[in-house]
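In our numbering, the protein residues as written are 1300 to 1453.
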């Protein structure tokens, strides 16, 4: 059963793939009115920087403003997945053919780690989630600097 989400400040769509995620910031449009979209892959062990954790770090983090009402829409592109960030108390299953949603608010600035919590295939362990909560005043510039608008054209 979907959670009723009333008046979120920001909506982010998380699409699970075997074995990465696509994120869409549909409320944050670029100058050509395309929503901002990016893929997020686990960083291979050989490419980790000092201090980064194996199987937890990704190449593109989800950036959210702290203390802001968020709606996360979750769906898969292929098989069942899950979008779970335990330290935020968030877990939402991604079921083929459905859009599920969950409401959350990250109360403190910082980095939060999560993972797929549904066995989705051989590389299930390589689907970490990294959410970075930043001050509201910094959110716009952080998203602008991190994300590249994609038009969906090949």
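Using N, Cα and C, we set each Cβ at its ideal position, and we do this for glycine too.
Legend entry - For residue 1369 and residue 1403, the rounded distance between their alpha carbons: Each residue's Cα considered, the two are about 5 angstroms apart.
Inset, instruction - Using beta-carbon positions only, say whether residue 1378 and residue 1333 come within less than 8 angstroms of one another. - result: With respect to residue 1333, residue 1378 sits apart: the two C-beta atoms are not nearer than 8 angstroms.
Inset, instruction - Compare the C-alpha of residue 1321 against each of 1349, 1339 and 1367 and name the closest. - result: It is 1339.
Inset, instruction - Report yes or no: do three or more beta-carbon pairs, one from the segment 1374 to 1391 and one from the segment 1344 to 1356, lie closer than 8 angstroms? - result: These segments do not touch.
Legend entry - From 1312, 1428 and 1336, residue whose alpha carbon lies closest to that of residue 1373: The residue from 1312, 1428 and 1336 with its alpha-carbon nearest to that of residue 1373 is 1312.
Legend entry - Spatial distance of residue 1401 from residue 1308 (CA atoms): Approximately 13 angstroms between the Cα atoms of the pair.
Inset, instruction - Kindly give me the distance between the Cβ atoms of residue 1341 and residue 1362, rounded to whole angstroms, as I take these residues to be in contact under 8 angstroms. - result: Actually they are not in contact, since the Cβ atoms of residue 1341 and residue 1362 sit about 18 angstroms apart, beyond 8 angstroms.
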